[in-house]
Amino acid sequence: MALRTIRVIGDEVLLKPCKPVKEVTPRIKTLIEDMIETMYDADGVGLAAPQVGVLKKIVVIDVGEGPFVMINPRVLETSGEQTGTEGCLSVPGKCGMVTRPNYVKVLAYNEDMEPVEIEGTELKARAMLHEIDHLEGKLYVDRVEGELQDVKPSEEEV
Ligand code: NI
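Quick note, in this note's numbering, the sequence shown goes up one by one and the last residue is 161.
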């Protein structure tokens, strides 16, 4: 495993839509392992492949329950609403208020390319939706209500 360089805002790779994964090759397995290691190293709760310069639909998340992978994720259902502070490893040192659904159900594939339905609420839902946005070339800064703020040391970044 190896750490990958996290791309930051201004890098065009963050604004491009990703391609679906057809097969989990050894190269993709390595990418997933590296993404998890890179996420932990940066103290993030989520990371999407374009953040390490790879335009493929792969996301890793760990909101404190252990890591999971979402390959080719598709949102099946959302409900409710939450407004809270959000940050991003690709927008270092900043955060902002974002309103998102409080619940999400996603159909994705795991690292063995088996279909899985994953549900989340609160921080997990926020992280899942934030990372899925990355796969479409969208950054949370375009959803921020008001101004971006300087981040306080304890806040999670996704
Ligand atoms: Ni992000």
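Heads up, the beta-carbon is just placed ideally off N, CA and C, and yes, glycines get one too. The structure displayed is predicted, hence computed values, not measured ones.
Element boundaries [beta strand (DSSP E), containing residue i]
i: E134; result: Counting along the chain, E134 falls outside any beta strand (DSSP E), though it belongs to the alpha helix (DSSP H) covering 125 to 138.
i: M116; result: Careful: M116 lies outside any beta strand (DSSP E) and carries neither H nor E.
i: L18; result: Here L18 belongs to no beta strand (DSSP E), and DSSP marks it neither H nor E.
i: E68; result: From DSSP, E68 is part of no beta strand (DSSP E); its letter is neither H nor E.
i: V101; result: 97 to 103
i: E89; result: 85 to 90
i: L110; result: 106 to 112
i: G149; result: 148 to 153
i: L50; result: 49 to 51
Cβ-based burial, residue i [other Cβ within 10 Å; buried from 16]
i: K22; result: exposed
i: I35; result: buried
i: L18; result: exposed
i: R7; result: buried
i: P76; result: buried
i: V11; result: exposed
i: K32; result: exposed
i: A5; result: exposed
i: P20; result: exposed
i: E134; result: buried
i: L79; result: exposed
Spatially closest choice to residue i from the options, by CA coordinates
i: M116; options: K127, T8, I74; result: I74
i: R146; options: L34, L132, K19; result: L132
i: V107; options: Q152, V48, I121, A45; result: I121
i: G67; options: L138, M4, K155, E125; result: E125
i: K155; options: E80, G90, P70; result: G90
i: Y112; options: K25, R30, G56, E15; result: K25
i: E15; options: G69, S93, T86, K60; result: S93
i: T81; options: M42, G123, G69, L142; result: G123
i: E139; options: Q54, D153, V27, M42; result: Q54
i: T41; options: T28, G56, V27, P29; result: G56
Any non-hydrogen atom of ligand 1 within 7 Å of residue i CB
i: L79; result: no
i: C91; result: yes
Continuous alpha helix (DSSP H) stretch holding residue i: start and end
i: R30; result: 29 to 44
Whole-number beta carbon distance between residue j and residue i, since they are thought to touch under 8 Å
i: P95; j: A128; result: Contact doesn't hold; Cβ gap of about 24 Å is too wide.
i: G99; j: G149; result: 7 Å
i: I64; j: A130; result: 5 Å
Neighbour flag for residue i against chain B, beta carbons, 8 Å
i: Q152; result: The chain labelled as chain B is not found in the depicted structure, where only one protein chain is given.
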